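In the UniProt record's numbering, the protein residues as written are 1 to 150.
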């Protein structure tokens, strides 16, 4: 028996890992048993699909914050983190980042919000005075490079 940790590197350069909690068994020839292959497959599925998950957002209102970002993007899927950039005086600099659990959700949010105002009830109630906000959303590469939208 041996312990196995799966490490997946996504196209955006991020790494994710999962531990195989079942015992890993090998047959007499040193090949993984069916039980081991099934455990590894379960662990691989837990890593989720590959693809860009991080979005760079610009056009946020001066009173935007992490909660606002969350409320705007949460309707599109599970979110791992949000961060609105804030100036020294506490106002939003207009930019932020959102990281989704699933790249398909990130793509759906990007397709729906890039160049548009957030129109979900949650986002309108989060900051009611900012109904004229137009967001610009692009893929955020973890290495600092950015893929812009057209």
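Quick reminder that beta carbons are idealized off the backbone N, C-alpha and C, glycines included. Because the structure is a prediction, the values reported are computed rather than measured.
- Residue 67 counts as exposed, since fewer than 16 other C-beta atoms from the protein chains shown sit within 10 angstroms of its C-beta.
- By the Cβ rule, the region 103-112 does not count as touching the region 84-91, because fewer than three pairs are nearer than 8 Å.
- Annotation: residue 109 to residue 42 spans about 28 Å, alpha carbon to alpha carbon.
- In this structure, residue 113 sits away from residue 96, with a CB-CB distance that is not shorter than 9 Å.
- Annotation for residue 99: 53, 54, 80, 81 place their beta carbon closer than 6 Å to its own, counting only its chain and skipping 5 residues before and after.
- Rounded to the nearest whole angstrom, the C-alpha separation of residue 60 and residue 93 is 8 Å.
- The continuous beta strand (DSSP E) containing residue 55 extends over residues 54-58.
- If you look at residue 84, you'll find it in the beta strand (DSSP E) that goes 79-86.
- The beta carbon of residue 78 sits closer than 8 Å to the beta carbons of 100, 101, 102, 105 from its chain, once the five residues preceding and following it are set aside; these are given in chain order.
- Here DSSP, grouped into helix, strand and coil, assigns residue 97 to strand.
- Exclusion of the five residues before and after residue 34 leaves no residue of its chain whose Cβ lies closer than 8 Å to its Cβ.
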